[in-house]
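Following: one structure in structure tokens, then a few remarks.
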Amino acid sequence: MNCKTLSGSVKVEGIGLHTGEKSVVWLHPADAGTGILFRVSNAQGRAEIPALVPFVAETRRRVVLRKGGIAVQTVEHLLATCFGMGVTDLIVEVQGIEIPIGDGSAQIWIDAFRDAGINDLEKLAPNFALQKITIEHSKVTLNVEPYDAFCAQYVFVSEHPLVGVQEANFDLKTDDFASEIAPARTFGFWEEVQLLWEQGLAKGGSLESAIVIFPDRYSVPLRFPNELARHKLLDLMGDLMLLGFKLQAKVYARSSGHTHHFQLCQILWQRVEQEARA
Ligand SMILES: [Zn+2]
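Sequential numbering from 22 applies to the sequence shown in the numbering used here.
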């Protein structure tokens with residue numbers, strides 16, 4: 022498959038989920054080989070930060086990229102949209118410290134990509150042939166094995182009686198990312214949300230930008246019966262985009278989050294570097 026970028030530039034603005042700060046994002050077309058490059062300017066200064074494993078500074082609740090003293094937060098839903106729509110090369114100009122959350126899903130990015138159009142570049146997208154890898158931590162399982170495209174199964178396990186166990190499946194060959202995965206919104210359990218507020222996170226969180234799960238109800242009607250598992254699958258795809266190549270794999274994930282997905286990316290990143298040196 023070829024590299025892809027946007028056909029034109031498009032502007033998106035909004036509030037960040039964790040900082041509550043407003044930011045302006047311009048997406049610009051890029052040459053093949055650029056990768057996803059964040060061009061960030063904010064009160065800390067200016068930097069060009071590639072969306073790649075070595076620039077990941079934090080994976081708690083969201084993915085933070087950093088170069089020198091300049092950081093940009095919550096890049097995962099935009100990166101997931103790149104993964105799902107096959108966009109390999111893009112310049113993301115950010116005025117601010119956090120990427121806008123929109124309605125908590127990747128819908129704002131799907132809309133932006135559609136407004137701009139997607140363009141094929143005359144270069145094959147890099148990929149990598151991997152071997153089987155399994156990561157296990159108490160209740161978490163993350164397993165990848167070779168596959169000729171990309172497919173994933175995510176199992177979300179909760180003791181909350183309303184949620185229980187949710188499962189979502191996606192195959193890039195046969196399923197439509199824009200309608201099946203991108204609309205799934207981020208979520209938080211009510212007790213968790215209160216804790217995040219105490220820790221200074223989720224400041225931009227509101228009932229318009231996330232699903233809140235109260236002891237007896239959801240804050241809004243769900244878009245899919247398994248919306249939570251679909252959102253976790255969206256996050257997984259965004260995190261895997263940090264590899265900078267199209268991962269051809271069959272992925273099984275149970276109760277995993279950004280930190281586990283990033284651990285997997287680090288293992289794969291080392292293997293790619295080893296192969297490049299061999
Ligand atoms: Zn998310």
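The C-beta atom is built at its ideal place from N, Cα and C for all residues, glycine as well. From a predicted model like this one, the values you see are computed outputs, not experimental measurements.
- The C-alpha of Val77 lies about 15 Å from the C-alpha of Met258.
- Under DSSP, Val176 forms a beta bridge with Glu188 and Arg275.
- Distances between the C-beta of Glu34 and the heavy atoms of ligand 1 are all 8 Å or more.
- The secondary-structure analysis by DSSP pairs His158 across a beta bridge with Val161.
- Taken atom to atom, the span from the alpha-carbon of Val74 to that of Lys144 is near 23 Å.
- The beta carbon of Gln287 is closer than 8 Å to those of Val74 in its chain, skipping five residues each way along the sequence.
- For Asp169, the shortest C-beta to heavy atom distance toward ligand 1 is 8 Å or greater.
- Where Ser200 is concerned, there is no enclosing beta strand (DSSP E), although the alpha helix (DSSP H) around it starts and stops at Phe198 to Glu201.
- Exclusion of Leu249 from the 8 Å shell around ligand 1 follows from its C-beta lying no nearer than that to any non-hydrogen atom of the ligand.
- Excluding sequence positions up to five before and after Lys224, its CB lies within less than 7 Å of the CB of His39, Thr40 and Gly41, all in the same chain and listed in chain order.
- Relative to ligand 1, the beta carbon of Glu201 is positioned no closer than 8 Å to any heavy atom.
- In the three-state scheme derived from DSSP, where H, G and I count as helix and E and B as strand, Pro50 is classed as strand.
- Rounded to whole angstroms, the Cβ separation of Ser30 and Ala137 is 7 Å, and the two are in contact under 8 Å.
- Counting of Cβ neighbours within 10 angstroms places Trp218 among the exposed residues, the total staying below 16.
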